């Protein structure tokens, strides 16, 4: 059976929840357009996150991989366009690592584009009244790290895999004590990801 | 029977929907802690809006009045603290009026405080994980205008009426083509107003 | 001789500089359109700041009083329109006081408007290409506190005194480690205040 | 003699001035640490801008090239880290071209890193109290386009050339009618670029 792997991250930066895991896990075991959806949670740790993702991909041989992450300050569903071969951590990851200006992978190019049809996803989300945008930077922390690891693995793979990364805003509960910070309802996030999965699998 | 009047505005500024009316009307006819809730939509027009509100209050003799409005750029439920005796319109209202530096009402003070227990509402909303804040300015357009008209009427009234104004963010559907603009789910808005009505009527 | 008092605040909130004092003191002793300019620095302390201002005004009998303050997040010269009778401190002042929901002054109205010609100042500043705006809230900390104290004293005074408050953004040096925070050049701030003093004294 | 080429752009997007040209031209003919500085203005036009830059580089054989641009919304001196092989124009360029999702150059990689010592520049600017940051995206308009063209040319060149791109905020005069938009003093911008030129040429 054809397979889609969807991942979310464990909480980080003193949060107790991460919308990316909450949203991603809601698709675990679902059947979408003939694809089985497999969910995995990734650790918010440099290198270990990529190793975990590589292992899952090698083991399950998915046709598509969608990684979700959380980004403070984002107001909408952010379709990431570019994964960059760079770690530059402003804060430590969940294991205390804080790489500064190191490559994600040596012997790899500067960047990869997502091979998701992001403009088509954008159009479909907007048609459903869901705030969304194309983002040109997934940052330089673990999210971009995993995104780059994914795209590199896809590039090196014999199998043609479709891969992409989407950043979600904070959940409302996360911004109670963060004045001025935007957030988004989890139901809307789930609808957005359901539409995304439908677009890529149709 | 004790009564609460809740109002929302018609759409303005080229919008086709106004979350304040959508949210407010969902409480029409509800019974909350022994209070009957009456809903009215206000025109987004200087003076006419206050006249309409005054008429409803005189006719229905409510114990409490909660007016809702929409404010671009807001990220959370904004509990307005101060109504100012000032019209200074950046854009025309729905009838083409654009008063600049005029008083809302002559022979009235510079400002009124809301007499809602806004800190208690804030606390209750946060306890329910709803993003909210106290706002020190409801602007200088029709929202502040109605808020000032309401508080002046309450001040002049023999009956002790509780009155306040809450600004809501855009709905997600309104920001599809407004990059970077925050929005909020209507379900969360309704929950916030339900909690607010519960606090003031308990 | 006719007199203008201009004030700035001492640094607060862990800053080592306050642009309001730097800008205000640069006008100390200047003669503008026949007015002598007197400069005083105010402590960033509730009540003590108003007492100090009152004393100076009583002693020097100025014709005009311009108080300057600093506000984080502001992008331009903010001409404050409304002083509110409310203290609601998010952080302690320089003496550790943190009043919550108390009046600035008892037996005083809810708010006063500045009696500066703020729209004329706005127009003149823009004509000189200086970013500026009208602000409807000077906050609920010591700046608004002093502004309210000033306007109340003016209101109670036999002498017709012109009074107003202007908020300045951070200086560039203050935002070095505050990512995303706007700032403004001190030279531009000084030009803005020179124009303001010229407008009110002409 | 060793040479540095510095470029700025002509105004675009209905502006009558572009800080990048104003700042860059102020260094025309200067001698910095033994390097002669050559200034050129680039058209804000896809392809034509890269052709112009290529021609200058081939003709003058510089050791270093610093391109400056203007970016709305930026609050500080933005040291661009990554040039992406992508045109995706939200507005037409000065010749009416509006490429959507096209490569800057075919047969070129997805992205290049600037080979400026950006962290060293960042440190030196902050030591001089100048607001600055590293940016992970120069956008997808003509600025990124020229940046990518520059880095590709450098990569293909036999000569070891140092190249980078810096985004400047709006000038104060540009935001007079853009409420909420940050700006920066031109003197501070020039100091920032003087320091940058000193760092790269030392």
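Chains as they are written, first to last, in our numbering: chain A, 1 to 202; chain B, 1001 to 1202; chain C, 2001 to 2202; chain D, 3001 to 3202.
Don't be surprised by glycine CBs; every beta carbon is placed ideally from N, CA and C.
Predicted model, so just to flag it, every value in this text is computed and none were measured.
Interface annotation, residue 3113(D): in contact with chain A, CB-CB separation under 8 Å. In the DSSP annotation of this structure, the continuous segment of the alpha helix (DSSP H) that includes residue 3119(D) starts and ends at 3118-3127. Look at the region 3002-3083 of chain D and you find these whole runs of alpha helix (DSSP H), each 4 residues long or longer: 3019-3025, 3048-3060. Below the 9 Å Cβ cutoff, chain C contributes 2109, 2110, 2111 as neighbours of residue 1109(B), in chain order.
Pairwise C-beta distances place the region 107-121 of chain A out of contact with the region 177-186 of chain A, as fewer than three of them are shorter than 8 Å.
Across the set 2058(C), 2136(C), 2067(C), 2195(C), the C-alpha of 2136(C) shows the shortest separation from the C-alpha of residue 1084(B). Taking the Cβ atoms as the reference, residue 3189(D) lies roughly 5 Å from residue 3023(D), within the contact range of under 8 Å. When rounded, the separation of the alpha-carbon atoms in residue 1075(B) and residue 1194(B) is 19 Å. Residue 1045(B) places its beta carbon 8 Å or farther from that of residue 1153(B).
Residue contact with chain A for residue 3104(D): absent (no Cβ-Cβ distance below 8 Å to any residue of chain A). Within chain B, no residue has its beta carbon less than 8 Å from that of residue 118(A); the closest one is some 15 Å off. Bridge partners of residue 2088(C) according to DSSP: 2100(C). Listed along chain C, no residue sits closer than 8 Å to residue 3017(D) by beta-carbon distance, the nearest being about 10 Å off.
Residues of chain D whose Cβ lies closer than 7 Å to the Cβ of residue 2181(C) are, in chain order, 3075.
Sorting 3127(D), 3162(D), 3163(D) by C-alpha distance to the C-alpha of residue 2175(C) places 3127(D) at the top.
The Cβ atoms of residue 2006(C) and residue 2201(C) lie no closer than 8 Å to each other. Boundaries of the alpha helix (DSSP H) around residue 1149(B): 1142-1156. Interface criterion not met: the Cβ of residue 92(A) is under 8 Å from no Cβ in chain B. Not a single C-beta of chain B is nearer than 8 Å to the C-beta of residue 2070(C).
In this structure, residue 1064(B) lies near residue 1162(B), with their beta-carbon atoms less than 8 Å apart.
Relative to residue 1043(B), the option among 1156(B), 1178(B), 1141(B), 1155(B) whose CA is nearest is 1141(B). Think of a sphere of 8 Å around the beta carbon of residue 3173(D): the chain C residues whose beta carbon falls inside it are 2129, in chain order. When C-alpha distances from residue 1079(B) are compared across 1111(B), 1125(B), 1029(B), 1037(B), the shortest belongs to 1125(B). Per the coordinates, the alpha-carbon of residue 196(A) lies some 15 Å from the alpha-carbon of residue 38(A). Leaving aside the five residues that flank residue 1172(B) on each side, the residues in its chain whose CB is nearer than 6 Å to its CB run, in chain order, 1183. Shown here, residue 135(A) sits in a strand according to DSSP, grouped into three states.
The straight-line gap separating the alpha-carbon atoms of residue 1068(B) and residue 1092(B) is approximately 20 Å.
Under the Cβ criterion of 8 Å, residue 3081(D) is not counted among the residues facing chain C.
Secondary structure note for residue 1192(B): its alpha helix (DSSP H) is the uninterrupted segment 1186-1201. Against chain D, the CB of residue 2121(C) has no partner CB under 8 Å away; the residue lies outside that interface. Secondary structure at residue 2173(C): helix, using DSSP grouped into helix, strand and coil. Identification of chain C residues near residue 3187(D) by a Cβ-Cβ cut-off of 9 Å yields 2185, 2187, ordered along the chain.
Contact between residue 3145(D) and residue 3049(D) holds, with the beta-carbon distance rounding to 7 Å and staying under 8 Å. Residue burial annotation: residue 55(A) is exposed, with fewer than 16 other C-beta atoms found within 10 angstroms of its C-beta.
A Cβ of chain C is located within less than 8 Å of the beta carbon of residue 1137(B). The Cβ of residue 124(A) sits no closer than 8 Å to any Cβ of chain B.
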